[in-house]
Amino acid sequence: MNFSIPRNNNSEMLLYIWKIIDIPTISQNDLLYKISFELFLFPPNEAISFINNCLDNQLLVKDNNLNFTLSKNLNQQLKNWQKKRKKAVLKKIISSKQITQIQSDTGKEKSTNFNVLINSFTDKGTLNRSVSISDTAFEILECDSAKGILKSRVKGSKEESYIIEINTKKKLVCHNCHDFVTRRADNKKFCKHLTKLFLLLKDKDETIAEFFLSKLAENINTWDFTS
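So for the sequence shown, my numbering puts the first residue at 29; every next one is plus one.
Structural data, given as structure tokens:
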């Protein structure tokens, strides 16, 4: 909203004043005081001249109680401005709340053990690719924290299926997709299938997901990532 002072245009100047004082009617003395001693727009003599000029040009209307109101036209302009201003303020409030919520949610996500653990085995690109895999592509065959075994079958992009097996006692991660075998295993990192499996497991039971991830993270160098 433009709040530059339009000193060379009486109608714009009067509208500018009313946007600030934000009351429907005002006495001459109060208006004079606000113009000269609160808003510091004109010295008293010039303020009186300005008010009289606005009355002469019917920009200001004097009612039966000798109070001033805006002319019908200026009052409508003021209402239109107030509506636009209200929409702009509400939009900013909503936007601010959304940003705050996103920041809050992000902060919560970053603070969870699961996110700290999963991020040590994957990266943003792999996380994004894992989202494209359908939940129905996974069939969890076994998930037993007491035995330390997690097994799942995964439908591949073609007809063949992949197998994922994690054994905490043998310290073994087995998987047979091309990306895992050729790029991820040597660096002890997750491919999109392993990443997706743990995201699904988190939704089902975050405690179990954290159990297997924490076991992996404890002594990662002693684990074998193989096909």
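Glycine is no exception: its CB is placed at the ideal position from the N, C-alpha and C atoms.
Because the structure is a prediction, the values reported are computed rather than measured.
Neighbourhood of residue i by C-beta distance below 6 angstroms, restricted to the same chain and skipping five residues each side
i: Lys224; result: Ser158, Ile161
i: Thr196; result: Gly176, Lys243
i: Ala75; result: Leu60, Ile63, Ser64
i: Leu178; result: Cys171, Ile194, Phe240
Nearest neighbour of residue i, chosen from the options [CA to CA]
i: Lys198; options: Leu227, Asp91, Thr254, Glu66; result: Thr254
i: Asn101; options: Arg212, Ala116, Ile236, Asn85; result: Asn85
i: Gln104; options: Leu67, Lys47, Asp151; result: Lys47
i: Lys220; options: Leu178, Leu67, Val182, Tyr44; result: Val182
i: Phe68; options: Asp50, Ile45, Asn156; result: Ile45
i: Glu234; options: Asn141, Thr154, Lys152; result: Asn141
i: Thr154; options: Ser99, Thr164, Arg211; result: Arg211
i: Asn215; options: Cys171, Tyr190, Asp151; result: Asp151
Own chain partners of residue i with C-beta closer than 7 angstroms, once the 5 adjacent residues on each side are dropped
i: Cys82; result: Asn38, Leu42, Leu88
i: Ala245; result: Leu145, Ser148
i: Ser180; result: Phe166, Glu167, Ile168, Leu169, Ile192, Leu225
i: Thr250; result: Lys199
i: Ser173; result: Ile236, Phe239
i: Ile49; result: Lys62
i: Asp163; result: Leu228
i: Trp109; result: Lys47
i: Tyr190; result: Val182, Gly184, His203, Asn204, Cys205, His221
Alpha-carbon to alpha-carbon, residue j and residue i
i: Met29; j: Ile168; result: At Met29, the pLDDT of 46 sits below 50, so the modelled position is not reliable; the number obtained from the coordinates is stated separately. C-alpha separation (whole angstroms): 58 angstroms.
i: Glu40; j: Asn143; result: 57 angstroms
i: Leu241; j: Ile146; result: 7 angstroms
i: Asp91; j: Lys115; result: 31 angstroms
i: Lys138; j: Asp231; result: Legend: pLDDT at Lys138 = 49, less than 50; position of this residue unreliable, no value from coordinates given.
i: Asn36; j: Phe96; result: 21 angstroms
i: Ser185; j: Leu118; result: 47 angstroms
i: Leu228; j: Leu222; result: 10 angstroms
i: Lys257; j: Leu106; result: Not covered by the structure: residue 257. The range shown for the chain is 29 to 255.
i: Pro34; j: Asn156; result: 53 angstroms
i: Asp58; j: Lys120; result: 33 angstroms
i: Phe70; j: Leu98; result: 19 angstroms
i: Ile248; j: Cys171; result: 20 angstroms
i: Ile194; j: Ala213; result: 13 angstroms
i: Ser32; j: Asn80; result: 23 angstroms
i: Phe78; j: Ile122; result: 40 angstroms
Cβ shell of residue i (< 8 angstroms), same chain only, five flanking positions each side left out
i: Leu94; result: Ser55, Gln56
C-beta contact flag for residue i and residue j at 9 angstroms
i: His206; j: Ile192; result: no
i: Val201; j: Asp252; result: yes
Cβ-Cβ separation, residue j to residue i (assumed contact under 8 angstroms), whole Å
i: Pro52; j: Leu60; result: Pro52 to Leu60, Cβ: 18 angstroms. No contact.
i: Phe166; j: Lys217; result: Not quite, the Cβ-Cβ distance comes to about 19 angstroms (not below 8 angstroms), so this is no contact.
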